[in-house]
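Since the structure comes first, as structure tokens, the remarks are kept for the end.
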Amino acid sequence: MAAWHIALLAMAAYLVFAFALGIAAGRGRSHFSVSEYAVADRGLGLLVMWFLMGGTIFSAFAFLGGPGWAYSKGAAAFYILAYAALGLLPWYMIGPKVARLGAARNYFSMGDLLGDRYRSRLLVVLVGIVSVLAFIQYLTLQIKGMAYVFNVLTEGHIPFWVGALLAYGIVVVYVVTSGVRGAAWSDVLQAILMLVIAWILGLYLVQTLHGGTEAMFGAIIAERPDFLLIGKEESVMSAMAFSSAVIISTIGFVMWPHLFTKSYTTSEKRIKLTVLAYPVFALFLVPVLFIGFAAIGVVPPDAIEKPDQVLPYLITHELGASGLVYGLIGAGALAAAMSSSDAISHGASVSVGRDIILPLKPDMAERTQLLVMRIAVVAVGGAAYYLAIFGGEGLIQLLLGAYGYIIQLAPPIYGALYWRRASREGAIAGLLTGAAINAFLQFGTDARPLDINPGMLAFLANLVVFVGLSLILKPRAEQRAHVAGFVEA
Amino acid sequence: MEAEQPVRRASRAFVVFVVAMVAVMVFPLFAIGNRIEPMVLGLPFSMVWVVSWILIEFVVLVGFFLYEYGGSR
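Listed in order, the protein sequences are those of chains A and B. Here the first sequence stands for residues 0 to 488, numbered as in numbering that gives the first Met the number 0. Here the second sequence stands for residues 0 to 72, numbered as in numbering that gives the first Met the number 0.
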């Protein structure tokens, strides 16, 4: 049996296991309740909550993109640590408030909250559309990651499109059947698997390829002195690009609509404990970056098509021909990608059902709503699959592109929770402005004014429009009590 | 049932903390850590800077949590 046969078997065994666990999680629960599907009837434990949130960070982006960035961009990869460490911090403040409002007013999605606060169905639909655009890009990233893993670890025997279809197909099935519970329980398994593998691999590679961190970084510094710094002459990333990427992620991270959906399932204390655990997750990423640094001087730059393939390449070329090792690592990488894609698919389906379709057709029966959400899992997945196979973007570009959209939700959300003057008109106009500018900068032009992150520029325009319009318009006297209910919650 | 409501809240201080954490990770403050020497445990100082602030962040967060929930039974 060739090594890639064993690798394929091991990965297949893992997929079967993840699939069974995801399906089993939903057993004995109602398949026909929106509340169960979306928020697990508001009762998820702390451990599960941690991993559900952790899974979002330990995605294909971290597992494959992290080493890829460390390998090709050096210090720019520290952005990943900063992003993981800072991303959830604002949630300590917003999360409990959102959870209280959600429980008291029976929300399921982010759109529910915004629609209620601003009394606007149009805004809900817009928020739904912007979120789904972001979700699709983020999913594309994960699907690409899974496909790389399959493709490289089976030495090209499983074509890119089959690998993607196989791994993501399984995610779709258990999200459709088990809802949020399916996602949560498989995340616990996947996060643990991925963590263990990342650490063993990171430390092992540094030791065997270089004999320790000192020798490894010493060699890099001797070769390219500015590679491990930001914004120096030969650095890969400018100071402005680095700073704006960190800021956009800190504002954007907590604006993911599925975070809102999840927070309705939990309590203030649990939310704060979740935030507390996050810096630890960020530290767990350090060995992931070591993998990429260890590859410098070992993997010739022209040996791989994209930096994102550096980890699978190292595995097949530097770890000997043990099929079992391939398989185990393949399972870890698949775990990373799947644990994020299930959360994202689930979140996207709730957004489509609650925020786009329901406001347009408010008299839908509960069963029809669920059907719409389940169809949405497949439809959003299909769109992301299409982009993954035919789109040319790298994993990092996809991540930052997704954040460019997500961050546009920040002004209406912060406004809803903290600012009495925040107005419906301002929120809608700002959101449209921000989303349009972001789409233009991302797809319509290569210009990068001042090297600022495109999502950040779009966000600033959004903020100006939102604040400006809200200040110009007279506050509606009859809404004062309504608005106070949110600001004082 | 666990105690759900915090004994006291430190919301304003928390906002200051978030802003400070972001500030040390971006320029201009990041420039202080943006150097190779001194290397610690074989890591360039730029990486040590980021990792140390994450450690500090964790300790401060634990502090906030204990302050808010401490003393409730």
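Beta carbons: idealized from backbone N, C-alpha and C, even for Gly.
Scanning chain A for C-beta atoms nearer than 9 Å to the C-beta of Ile31 (chain B) yields nothing, as the closest lies near 12 Å away. Partner residues in the beta bridge of Leu42 (chain B), as assigned by DSSP, are B:Val39.
At a cut-off of 8 Å between C-beta atoms, Ile412 (chain A) does not count as an interface residue with respect to chain B.
At a cut-off of 8 Å between beta-carbon atoms, Pro43 (chain B) makes contact with chain A. Our two residues, Ala480 (chain A) and Arg420 (chain A), have alpha carbons roughly 12 Å apart in a direct line. Among the CB atoms of chain B, one or more fall inside 8 Å of the CB of Ala281 (chain A). Assignment of Asn461 (chain A) by DSSP, reduced to helix, strand and coil, places it in the helix class. The C-alpha of Tyr277 (chain A) is placed about 29 Å away from the C-alpha of Leu430 (chain A). For Phe149 (chain A), the CB contacts under 6 Å within the same chain, skipping 5 residues up- and downstream, are Ile157 and Gly162 in chain order. Close to chain A, meaning a Cβ-Cβ distance shorter than 8 Å, are the following residues of the segment 38-64 of chain B: Met38, Leu40, Gly41, Leu42, Pro43, Ser45, Met46, Val49, Val50, Trp52, Ile53, Leu54, Glu56, Phe57, Leu60, Val61, Phe63 and Phe64. For Asn33 (chain B), there is no enclosing alpha helix (DSSP H), since its DSSP letter is neither H nor E. The beta carbons of Ala6 (chain A) and Tyr325 (chain A) sit closer together than 8 Å. Among the CB atoms of chain A, none fall inside 8 Å of the CB of Val6 (chain B).
For Val25 (chain B), there is no enclosing alpha helix (DSSP H), as DSSP gives it neither H nor E.
Judged by pairs of C-beta atoms under 8 Å, the segment 267-287 of chain A touches the segment 59-68 of chain B, as three or more such pairs exist.
Between the segment 227-241 of chain A and the segment 73-90 of chain A there are three or more C-beta pairs closer than 8 Å, enough to call the two in contact.
Minimum Cα-Cα distance from Gly346 (chain A) among the listed residues A:Ala375, A:Tyr13 and A:Leu357 corresponds to A:Ala375. Counting only runs that start and end inside the segment 337-411 of chain A, there is no beta strand (DSSP E) element of at least 3 residues.
Chain-order list of chain B residues neighbouring Ala74 (chain A): Ser45, by C-beta distance under 7 Å. Not a single C-beta of chain A is nearer than 8 Å to the C-beta of Val15 (chain B).
DSSP places Val148 (chain A) in the uninterrupted alpha helix (DSSP H) bounded by Arg120 to Leu152. When C-beta distances to chain B are compared with 8 Å, the residues of the segment 79-94 of chain A below that value are Leu80, Ala81, Ala84, Leu85, Leu88, Pro89, Tyr91 and Met92, in chain order.
Out of A:Gly380, A:Thr212, A:Tyr117 and A:Thr367, the CA that lies nearest to the CA of Glu477 (chain A) is found in A:Tyr117. The segment 64-73 of chain A makes no contact with the segment 384-391 of chain A: fewer than 3 CB pairs, one atom from each, lie closer than 8 Å.
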